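Undergrad: Handing you this structure, nothing more for now.
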């Protein structure tokens, strides 16, 4: 199952709405990294609001994906982590160390825009203040 990747100017939005198999998770990672490189994305927001459970493998995939995206030059924010998921990740000793987090997608977008502006990136299209 492919996860849709939406583009808002130079920011990519990804919402994981279903539990992913290991193969789906790897396909998601590959698709996202390729898309970041293809459009020279400045930011990526990954929304996991719909996930009630994030196991250690999925947490690692999210961490690794965030690190890969950062290596390509884009900012990354994970949003929508459910309280039970946060508790479980910490109890497993598996926090999202490679990613910053926000409560919701709106907050994630604001964080991304702020970071893009802070680093002085002039490639951002669609926001005159950045």
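In UniProt numbering, the protein residues as written are 1 to 130. Every residue, glycine too, gets a C-beta built ideally from N, C-alpha and C. Predicted model, so just to flag it, every value in this text is computed and none were measured.
1. Kindly indicate which residue of 19, 10, 17 and 66 has the alpha-carbon position closest to the one of residue 99.
2. Quick check on residue 1: buried or exposed, where buried means 16 or more other Cβ atoms within 10 Å of its Cβ?
3. In angstroms with no decimal places, state the Cα-to-Cα distance between residue 62 and residue 25.
4. By the three-class DSSP mapping on this structure, what secondary structure does residue 7 have?
5. Tell me which residues share the same chain as residue 81 and place their Cβ nearer than 7 Å to its Cβ, disregarding the 5 neighbours each side in the sequence.
6. Among 43, 110 and 58, whose alpha-carbon lies nearest the alpha-carbon of residue 16?
7. Name the DSSP bridge partner or partners of residue 43?
TA: Answer, in terms of the structure:
1. On the chain shown, residue 99 is found 99 positions in, with the first residue counted as 1. Of the candidates 19, 10, 17 and 66, the one whose C-alpha sits nearest the C-alpha of residue 99 is 66.
2. For the purposes of this step, residue 1 is taken as the residue at position 1 of the chain shown. Residue 1 is exposed by the Cβ-count criterion.
3. On the chain shown, residue 62 is found 62 positions in, with the first residue counted as 1. On the chain shown, residue 25 is found 25 positions in, with the first residue counted as 1. Going by the C-alpha atoms only, they are around 9 Å apart.
4. On the chain shown, position 7 is the one that residue 7 refers to. Strand.
5. For the purposes of this step, residue 81 is taken as residue 81 along the chain shown, with counting starting at 1. Beyond the five residues adjoining it in sequence on each side, residue 81 comes within less than 7 Å, by CB distance, of 48 and 101 in the same chain, given in chain order.
6. Locating residue 16 in the chain shown gives position 16, where the first residue counts as 1. Nearest C-alpha to residue 16: 58.
7. As a first step, residue 43 is located in the chain shown; it is residue number 43 there, counting from the start. Beta-bridge pairing links residue 43 to 11 and 75.
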